[in-house]
Amino acid sequence: MNRFLKSFKFAAKGLSYTIATQPNFIFHVVAAVLVVAAGWYFDISKGEWLAVLICIGLVMVAELLNTAFEALVDWLSPEFNVKAGLVKDIAAGAVLVAALVALVVAFVIFVPKIF
Ligand SMILES: Nc1ncnc2c1ncn2[C@@H]1O[C@H](COP(=O)(O)OP(=O)(O)OP(=O)(O)O)[C@@H](O)[C@H]1O
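The numbering of the sequence shown is this note's numbering, which starts it at 574 and goes up by one.
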């Protein structure tokens with residue numbers, strides 16, 4: 574198997590681990606599907622599509638990195654450790670920030686189209 578295909582296989586493994594173990598990731602995927610459906614329904618502009626797609630990517634990437642940090646912390650510090658907890662909390666904070674930004678963007682785009 575060539576190097577590109579191998580890297581793709583490893584990335585798919587990380588993605589399927591995240592899908593299988595993180596209910597939050599499934600929640601974000603469902604939210605993304607609903608937002609894309611709303612984008613089609615309301616026939617949003619090219620700029621609005623870009624904002625929506627960037628937000629979806631941002632949230633997914635944040636969730637994947639959060640999962641990677643969780644796995645790393647669980648491996649390096651299975652016992653209680655204040656710093657280990659802090660690393661997990663900060664990674665979770667990154668997901669929260671990305672999700673809040675996505676929520677604000679969704680409001681800015683869709684609320685004027687609904688009301
Ligand atoms: N080894 C640890 N030492 C100290 N605090 C920890 C440790 N592991 C977890 N914690 C604390 O518990 C919180 C929840 O940890 P947990 O591993 O359940 O993360 P989670 O975000 O709930 O993960 P998952 O989504 O997989 O359930 C962390 O955010 C952190 O504050």
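Here a beta-carbon is modelled for each residue, glycine too, at the ideal position from N, C-alpha and C.
Return yes when the Cβ of residue j is within less than 8 Å of the Cβ of residue i, no when it is not.
i           : j           : result
residue 635 : residue 668 : yes
residue 629 : residue 605 : yes
residue 631 : residue 679 : no
residue 688 : residue 664 : no
residue 682 : residue 627 : no
residue 615 : residue 686 : yes
residue 657 : residue 650 : yes
Using a 10 Å radius around the Cβ and a threshold of 16 neighbouring Cβ atoms, would you call residue i buried or exposed?
i           : result
residue 591 : buried
residue 675 : buried
residue 655 : exposed
residue 640 : buried
residue 677 : exposed
residue 598 : buried
residue 684 : exposed
Query raised in the report: Mind listing, in chain order, the residues whose beta carbon lies closer than 5 Å to a non-hydrogen atom of ligand 1?
Result: 650, 653, 654, 657, 658, 661, 662
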